[in-house]
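First residue of the sequence shown? That's -16 in my numbering, and the numbers climb one at a time after it.
Heads up: the structure comes next, in structure tokens.
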Amino acid sequence: MSSSADNIDNPASQPRIAPLELSEWTPEGFAAMEPMRPPAGSAYDKRKADRKQQVRRPNNALSVMARYPELAQAFLAFNRHLLYFNTLPGRAIELAVLRVAWLRRSEYEWVQHAAAALEVGLTAEEIDRTTADSVDGWNPDDALLLRAVDELHHNHGWSGGTWNELADAFDTRQIMDLLFTVGAYDTLAVAFNCFDLPLDPELEGKSFPSGAEG
-16 MSSSADNIDN
-6 PASQPRIAPL
4 ELSEWTPEGF
14 AAMEPMRPPA
24 GSAYDKRKAD
34 RKQQVRRPNN
44 ALSVMARYPE
54 LAQAFLAFNR
64 HLLYFNTLPG
74 RAIELAVLRV
84 AWLRRSEYEW
94 VQHAAAALEV
104 GLTAEEIDRT
114 TADSVDGWNP
124 DDALLLRAVD
134 ELHHNHGWSG
144 GTWNELADAF
154 DTRQIMDLLF
164 TVGAYDTLAV
174 AFNCFDLPLD
184 PELEGKSFPS
194 GAEG
């Protein structure tokens, strides 16, 4: 299984940059992951503790980034804000990331965040619907957010109308967080596709929903 669309030029589906085995991690690699440590006592800290009871290894994304600790530490410091100090509600963050992952056809990112989206209150049916072209059936705020992500992907910016709608629905910091969230996870989606990153063992067998468009 591969995260990249159609396994372009890599029919054997072998990772182009393989995740490190835990035994291969260096002290520098472990140190580079420090920004991902959740704030003590936060909901994220509790979720991490719950997950650690089931999963006792770093995920494949971090295990690739550990090959380049300097880059990992710089990027993850930025990602720390988006994960733990984002002014957007968790539901909005995960909707945006799922839409980015679908538009980029990054199966790795989509499957990872489908699991995270359940934790912030999205239903399985809503998660599957993030792969539909239409935004019919969403509440106005969700539909606006999905359309905003679509415009950034297809038009590389927002129309005046979309900007005005966003300004009515979100404050300035939330709009900025939305832009940087989309940008960061677009970068990751493309990277995961180029690496041909395999799903983590606990998520093997997961994929885009059956019948997803495109």
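Here a beta-carbon is modelled for each residue, glycine too, at the ideal position from N, C-alpha and C.
*Quick one: what does DSSP say LEU3 is sitting in, helix, strand or coil?*
coil
*DSSP three-state assignment for VAL103, whether helix, strand or coil*: coil
*asked:* Please state whether the Cβ-Cβ distance between VAL47 and LEU182 is less than 8 Å.
replied: no
*Touch check for the stretch 163 to 174 and the stretch 68 to 81: three-plus C-beta pairs under 8 Å?*
yes
*Look at TYR67 and PRO21 and say whether their C-beta atoms are less than 8 Å apart.*
yes
*Distance CB(LEU172)-CB(GLU109) smaller than 8 Å*: A quick correction: the sequence has Ala, not Leu, at residue 172. Their beta carbons are not under 8 Å apart, which means ALA172 does not touch GLU109 by this criterion.
*Does the stretch 57 to 64 come within contact of the stretch 143 to 150, defined as at least 3 CB pairs closer than 8 Å?*
no
_On the criterion of 16 or more Cβ atoms from any shown chain inside 10 Å, does LEU127 qualify as buried, or is it exposed?_
buried
*In its own chain, which residues sit with a C-beta less than 6 Å from the C-beta of SER89, not counting the 5 before and 5 after it?*
SER(-14), ALA172, PHE175 and ASN176
*Note down, in chain order, each residue of its chain lying with its Cβ closer than 6 Å to the Cβ of LEU86, except the 5 sequence neighbours on either side.*
HIS136
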